[in-house]
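Colleague: Got a structure for you, questions after.
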Ligand SMILES: *Cc1c(COP(=O)(O)O)cnc(C)c1O
């Protein structure tokens, strides 16, 4: 081996020793409740395709039509000559769906966080993030150069004391810089690895009291919560008090990409300043068309029926006998089965695969060290029989969840 490869092999063996080695598992076929993997068909309980839209005929048809009309590639970034009609239709569909003045789509949710946070903040500003916020927001915070403060997960008292500190720091800074330093609070609405909710109403009150801005990543709530399925901010009645609403088009919406929804001036500003938007070729037209079709589906009565079906399935995981749709809706579609030890989590995932059930082990750096888990997710495409099989497999591994640990 060359010295370069030797060095990397050494690093990889350290990763292996900690039970943190990862490898790709090839899936032969579409995303769905059953996936073909390693010559076997497994029941899949790990997808974020919550409404089963990733292989929905209406989305496939929209993607094919976009290929016919626009070809396969945009050819350039949107600000050069790549701003095809299909992206304008998507941006308008997002704004209408989210009931905001405007919206902007990005190639991924990750690029959305990076572009947006770095456009809004610089070294004189402060970003305050929840301890469990997604890696895309953490990476964006670092890249922005802003001062980073982390508050304990969903802990309003901790956040308040940080905002009080930031307020004082702001006053001393503002004499030396040309504009008043900004303070941005960033969190998720439904947390990706724990499935719990942020206290959005209280967060909105708090940031308003301190004149801070709020960015909420609705990656795991878009399409699922609220009367129009806009997200948890809609359900909690605070959407129009959140400056920056972020989400992805690749989870419940069944396509790929990310978005920001908000005021017209925010979107105009991002078009001018979000580097991941400006310096990147526009996404595949097929992905944008599928996302627009995904939004239309979610807005329709069929979307509402899919969501109801999802909550029904969630209730069945806890108890086949007493489906209580209210408490199952509260527990959500993400159910973490905490194992703790990394190596044990990988072994447990292996035992579940032997039982025909696929739930991968989620380990550091996705979650904290010693907090390894099986992240169980449900979709509307699962059947009651699928849930029964899941319960049997979980029971065989001593993992059947109870309501209290959700
Ligand atoms: C998946 C995810 C993202 C990134 O979105 P992609 O479209 O997959 O790049 C951002 N935030 C959260 C909370 C996520 O779960």
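Residue numbers (the working numbering): 79 to 484. In this text, a Cβ means the ideal position worked out from N, Cα and C, and glycines have one as well. Every value quoted in this text rests on a predicted model; they were computed, and no experiment measured them.
Would you mind sorting residue 209 into buried or exposed? The rule is 16 or more other CB atoms within 10 Å of its CB.
Modeller: Exposed: under 16 other Cβ atoms inside 10 Å.
Colleague: Starting from residue 265, trace the beta strand (DSSP E) in both directions and tell me its first and last residue.
Modeller: 261 to 266
Colleague: DSSP three-state call for residue 461: helix, strand or coil?
Modeller: If DSSP states are grouped into helix, strand and coil, residue 461 belongs with coil.
Colleague: Have a look at residue 400 and residue 186 and give me their C-alpha separation to the nearest angstrom.
Modeller: Legend: pLDDT at residue 400 = 46, less than 50; position of this residue unreliable, value from coordinates given subsequently. Cα to Cα, residue 400 sits roughly 39 Å from residue 186.
Colleague: Is the Cβ-Cβ distance between residue 420 and residue 441 less than 8 Å?
Modeller: Yes, they are a contact pair.
Colleague: Pull up the CB-CB distance for residue 366 and residue 183, whole angstroms please, since I reckon it's below 8 Å.
Modeller: 7 Å
Colleague: Which word fits residue 313, buried or exposed, when buried means at least 16 other C-beta atoms lie within 10 angstroms of its C-beta?
Modeller: buried
Colleague: For residue 371, is the beta carbon positioned less than 7 Å from some heavy atom of ligand 2?
Modeller: Ligand 2 is absent from the structure shown, which contains only ligand 1.
Colleague: Measure from the alpha carbon of residue 195 to the alpha carbon of each residue in 213, 95 and 114, then state which is nearest.
Modeller: 213
Colleague: DSSP on residue 324, reduced to helix/strand/coil?
Modeller: strand
Colleague: In whole angstroms, give me the CA-to-CA distance for residue 216 and residue 200.
Modeller: 15 Å
Colleague: Can you look up residue 127 in the DSSP assignment and give me helix, strand or coil?
Modeller: coil
Colleague: Given residue 451, which residues of its chain have a CB within under 7 Å of its CB, disregarding the five upstream and five downstream residues?
Modeller: 414, 415, 416, 417, 423, 440 and 445
Colleague: Below 7 Å, is the gap between the Cβ of residue 194 and the nearest heavy atom of ligand 1?
Modeller: no
Colleague: Would you call the segment 260 to 268 and the segment 235 to 248 in contact, with 3 or more CB pairs under 8 Å?
Modeller: yes
Colleague: DSSP three-state label for residue 438, please.
Modeller: In the three-state reduction of the DSSP assignment, residue 438 falls in the coil class.
Colleague: For residue 500, does the count of other Cβ atoms within 10 angstroms reach 16, so buried, or fall short, so exposed?
Modeller: Since the first residue shown for the chain is 79 and the last is 484, residue 500 is missing from the structure and cannot be characterised.
Colleague: Just the Cα atoms here: how many angstroms apart are residue 141 and residue 368?
Modeller: 5 Å
Colleague: My understanding is that residue 436 touches residue 124, with C-beta atoms under 8 Å, so please give their C-beta distance in whole angstroms.
Modeller: 6 Å
Colleague: Any heavy atom of ligand 1 inside 7 Å of the beta-carbon of residue 280?
Modeller: Residue 280: no, Cβ never under 7 Å from ligand 1.
Colleague: Going residue by residue through the segment 269 to 296, where are the continuous alpha helix (DSSP H) segments of at least 4 residues, counting only ones entirely within it?
Modeller: 278 to 288
Colleague: At what residues does the alpha helix (DSSP H) containing residue 376 begin and finish?
Modeller: 363 to 377
Colleague: Could you check which residue in 109, 346, 105 and 122 has the C-alpha nearest to that of residue 115?
Modeller: 105
Colleague: Contact criterion: CB-CB distance below 8 Å. Does residue 275 meet it with respect to chain D?
Modeller: The structure shown has no chain D; it contains just one protein chain.
Colleague: Can you confirm whether the segment 217 to 229 touches the segment 171 to 178 when touching is taken to mean that 3 or more C-beta pairs between the two stretches lie within less than 8 Å?
Modeller: With the cut-off at 8 Å, the segment 171 to 178 and the segment 217 to 229 do not touch.
Colleague: Rounded to a whole number of angstroms, what is the C-alpha to C-alpha distance between residue 247 and residue 427?
Modeller: 47 Å
Colleague: Indicate whether the contact test is met: 3 or more Cβ pairs, each with one atom in the segment 149 to 158 and one in the segment 382 to 389, closer than 8 Å.
Modeller: no
Colleague: Provide the residue span of the beta strand (DSSP E) that contains residue 337, from first to last.
Modeller: 336 to 340
Colleague: Which whole-angstrom value is the C-beta distance of residue 121 and residue 112, which I expect to be below 8 Å?
Modeller: At roughly 6 Å, the Cβ-Cβ gap stays under 8 Å, so residue 121 and residue 112 are in contact.
Colleague: Less than 8 Å between the beta carbons of residue 336 and residue 321, yes or no?
Modeller: Not in contact: residue 336 and residue 321 (Cβ atoms no closer than 8 Å).
Colleague: For residue 208, does the three-state DSSP call read helix, strand or coil?
Modeller: strand
Colleague: In angstroms, rounded to a whole number, what distance separates the CA positions of residue 95 and residue 370?
Modeller: Each residue's CA atom was taken as its position, placing residue 95 and residue 370 some 45 Å apart.
Colleague: Using 8 Å as the threshold, is the C-beta distance between residue 131 and residue 396 below it?
Modeller: no
Colleague: Straight-line CA distance for residue 292 to residue 465?
Modeller: 38 Å
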